[in-house]
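Heads up: the structure comes next, in structure tokens.
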Amino acid sequence: MPSPKRITAMASKELFHILRDPRTLAIIILMPVLQLIIFGYAMNLEIRRVPLLIDDQARNASSERLINAFSHTPYFQIVPANQRRLEPEELFKERRAQATLCIPVDFGSASQVLLLKIDASDPNSAQLIQSYAQGIIASGFPASLDLRPFILYNPDLKSSFFFVPGLVAMILVMICALLTSISISREKELGTLEQILVSPVSAMEILLGKVLPYIFLGLADALLILGVGMLLFQVPFRGDFLVFLGFTFLYVLCSLCLGLLVSTLAKTQQAAMMMALGITLLPTLLLSGYLFPIPSMPWLLQKLTYIIPARYYLQIIRGIMLKGNSISELYQAGISLGLMSIVMLIVAVKRFKLRLS
Amino acid sequence: MNVVLVKELGFAYGLQAALQNVNLEVPEGLIYGLIGPDSAGKTTLIRAICTLLPYKQGMIEVLGRDALKNSAAIRAQIGYMPQRFSLYKDLSVEQNLEFFGRLFGVNSQTRGQNMEKLYRFSHLKPFAKRLAGNLSGGMQQKLALSCALIHTPSLIVLDEPTFGVDPVSRMEFWSILHSLKQEGISILVSTPYMDEAEQCDLISLIDKGQIIGQGSPADILAAWSGWLYRLKSSDLQNLYRFLKAQSCLDDLQLFGGEIHLGSDSQLSDSLFINWQRQCPCLEGWEQIQPSMEDAFLKMMK
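Chains as they are written, first to last, in my numbering: chain A, 1 to 357; chain B, 1001 to 1301.
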């Protein structure tokens, strides 16, 4: 059994290291703020297979033609409608659809008005969804047809709504993975590990002791990025703060465990740094749904996103900040993060060598 | 009782053999020295004894327990001081001691008492708040020794503790080791300095991964047979080349400012005078008692 005394001995020693090294501390604090400010650009990317729910109240030849036009493009994937009528808000919160198209009862005869509701918690996608839909209408239907977009959560399509949560996800995983992996490989490099190995300490105790202080540092970083983001870019925070803190804790834990795993592979600090950056930076940017919506990815990449922690955290943070999600809508993502942490911790403990070679 | 027992130990780094057929018995309550030059295999042997190496040949028992099967119990009971300074340089003297005390589960009251006691012999108390990285080499070694002693182990294993330390600090370090021995602590220590062999009760001479001699320092010197001469010259290289060319001489060593010449039989003055005629740079000669270094060099052959 891991002894709490030895874990706290490791953890408090680690805390001394952190406090003694103002340069690292400065990087931890300044890097996120700088990145946040630099990332002020809107991004334009193509998307595919947007889950679209069509609420066809007319059920006539005209509406069928319209539905066909939407289902025959690669841009939309029609979500089958349930028996129970769902409000778009609910669908969006559960992420079952990203847009809904409402066809009124008298469509084709009296009315020419269509209502397109779009989930704009990812404003970039929302903009594209709007212009795709307008393109479909314009190319095959009379000009009198009136498509009225209705944009939820982010009516102004501000890109800051998009990049601030994404940046929290990216910076957190990067810094946390870096911190633990460097901290352990430094002990290998300096030979201090050799000294503490000849003691009753176990692999689990060493690793938990390393993770503990950085959980607080990671959480502090999350709050810092969030605070600056809200202050500088007026990003809203619609959900519950404690729920946010709870899920962010899981994400930080998961990222730190990822760092532990890296440290069992890397022998030097430099190798640890390259590896930690390599497996966090690009995958998070490209495969988490931050820049590219997951449904528009090829099959293999879609499957790959399941092992990217940021995939889950993006759902969580966008859900809480922009949609006001509660635990009931996010617990699955939370469980995924928790499970990933446990698996990575166990693998790291198994791989951690208590002997030199 | 033996605190360390090594039988037919062999170890290789890949294909490179580091230890071959090493046998060692370290009795309780003594200072046991492992003496040998750099890369002789001292560190490998010490790491294996400290349960840090997964050896495949032979067996090691430390405090009566098998080093492979029972490493956790051994690790909790011995004090280890690695070759490189392995404490946290960004932690203070006090924080390092506290950390190792807590790691070994020493409760805070005992920890305080032990620290006071360790400060007494190490004289590190005035530096308690100083960062370990800012201590002098000698003080760093005393701190490392203190950290290895914080949980009052019955056996401490020290890998080249005096390496790179000034002569005064080396002497002080050895006197600390002697007082630890008085308290009944068994000490296994390695050193590349032959002159430190005299400080040990028993020694093993180790070279190229093999034990080449074992016993008390006096035994090893007594085992020397033959005569040893010290030759002086202001041009040692020249003299060395000249002596090398003499077919009858095989035991010839360059020693700092002199040449040591070993021989199985007594050499007459007339022989030296004859040499001096042929090679005027030979300035003087005398018969001497062999030192540990002479003994070691002879055993290496």
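Every residue gets a Cβ at the ideal spot worked out from N, C-alpha and C, and that includes glycine.
Contact between the segment 303-316 of chain A and the segment 277-290 of chain A (3+ Cβ pairs under 8 Å): yes
Just to confirm my understanding: we take Leu-1103(B), look at its own chain, exclude 5 residues before and 5 after, and list those with CB closer than 7 Å. What are they? none
Going along the chain, which residues of its own chain have a beta-carbon closer than 6 Å to the beta-carbon of Phe-352(A), five neighbours each way excluded? Ala-203 and Thr-264
Give the C-beta separation of Phe-161(A) and Leu-314(A) to the nearest angstrom, bearing in mind that I take them to be a contact with Cβ-Cβ under 8 Å. That pair is no contact at about 13 Å.
Should Thr-192(A) be flagged as near chain B, meaning a C-beta pair shorter than 8 Å? yes
Pull out every residue of the segment 1094-1109 of chain B whose Cβ sits closer than 8 Å to any Cβ of chain A, in chain order. Gln-1095, Phe-1099, Phe-1100, Arg-1102, Leu-1103, Phe-1104 and Gly-1105
Output needed in chain order: residues of the segment 197-220 of chain A with a Cβ under 7 Å from some Cβ in chain C. This model lacks chain C altogether, as its protein chains are A and B.
Own chain residues within Cβ distance below 6 Å of Gln-1253(B), not counting five before or after: His-1260 and Leu-1297
For Phe-76(A), the first and last residue of its enclosing beta strand (DSSP E): 76-79
Using a Cβ cut-off of 7 Å, which residues of the segment 1053-1065 of chain B contact any Cβ in chain A, in chain order? Leu-1053 and Pro-1054
Kindly identify the DSSP beta-bridge partner or partners of Ala-1012(B). Ala-1017(B)
Does the beta carbon of Leu-1091(B) sit closer than 8 Å to a beta carbon anywhere in chain A? yes
Give me whichever residues DSSP pairs with Val-164(A) in a beta bridge. The partner list for Val-164(A) (beta bridge, DSSP) is empty, contrary to what the question assumes.
Exposed or buried, what is Phe-216(A) when buried is set at 16 or more other beta-carbons lying within 10 Å of its beta-carbon? exposed
Would Phe-20(A) pass as an interface residue toward chain B - the criterion being a Cβ-Cβ separation below 8 Å? Looking at the sequence provided, one finds Arg at residue 20(A) rather than Phe. Output row for Arg-20(A): interface = yes.
Arg-6(A) CB to nearest chain B CB: under 8 Å? yes
Just tell me which of Pro-123(A), Pro-165(A), Val-164(A) and Gly-108(A) has its CA closest to the CA of Asp-146(A). Gly-108(A)
So, using beta-carbon positions, are Ala-276(A) and Leu-178(A) closer together than 8 Å? yes
CB-CB length for Val-228(A) against Leu-34(A), believed under 8 Å: Actually they are not in contact, since the Cβ atoms of Val-228(A) and Leu-34(A) sit about 10 Å apart, beyond 8 Å.
Could you list which residues in chain A have their beta carbon closer than 7 Å to that of Ser-1086(B), in chain order? Gly-191, Thr-192, Glu-194 and Gln-195
Closer than 8 Å by beta-carbon distance: list the chain B residues that pair up with Ala-9(A), in chain order. Phe-1099, Arg-1102 and Leu-1103
Cβ contact (3+ pairs, closer than 8 Å) linking the segment 1054-1063 of chain B and the segment 1106-1123 of chain B: no
Endpoints, beta strand (DSSP E) assigned at Arg-1241(B): Unbroken run through Arg-1241(B) is the alpha helix (DSSP H), 1236-1245; no beta strand (DSSP E).
CB Leu-114(A) to CB Arg-148(A), shorter than 8 Å? yes
Mind checking the segment 178-189 of chain A against chain B and listing, in chain order, the residues whose C-beta falls within less than 8 Å of any C-beta there? none
Name, in chain order, the residues that DSSP records as bridge partners for Asn-1002(B). Pro-1027(B)
Measuring only the C-alpha atoms, how far is Ile-225(A) from Leu-172(A)? 9 Å
Let me make sure I understand the geometry here. Which of Lys-210(A), Gly-239(A) and Ser-341(A) has the alpha-carbon closest to that of Cys-257(A)? Ser-341(A)
In terms of residues, what are the limits of the alpha helix (DSSP H) holding His-17(A)? 4-20
What are the uninterrupted segments assigned as alpha helix (DSSP H) that are 4 or more residues long and contained completely in the segment 130-217 of chain A, given in chain order? 160-190 and 192-197
At a CB-CB cut-off below 7 Å, which residues of chain A make contact with Pro-1082(B)? Gly-191, Glu-194 and Gln-195
Using beta carbons (cut-off 8 Å, strictly below), is Arg-1277(B) in contact with chain A? no
Tell me the rounded alpha-carbon separation between Ile-78(A) and Asp-55(A). 11 Å
Taking only beta-carbon positions, decide if Arg-23(A) is within less than 8 Å of chain B. no
Minimum Cβ-Cβ distance from Arg-1047(B) to chain A less than 8 Å: yes
Boundaries (first-last residue) of the alpha helix (DSSP H) holding Leu-91(A): 88-93
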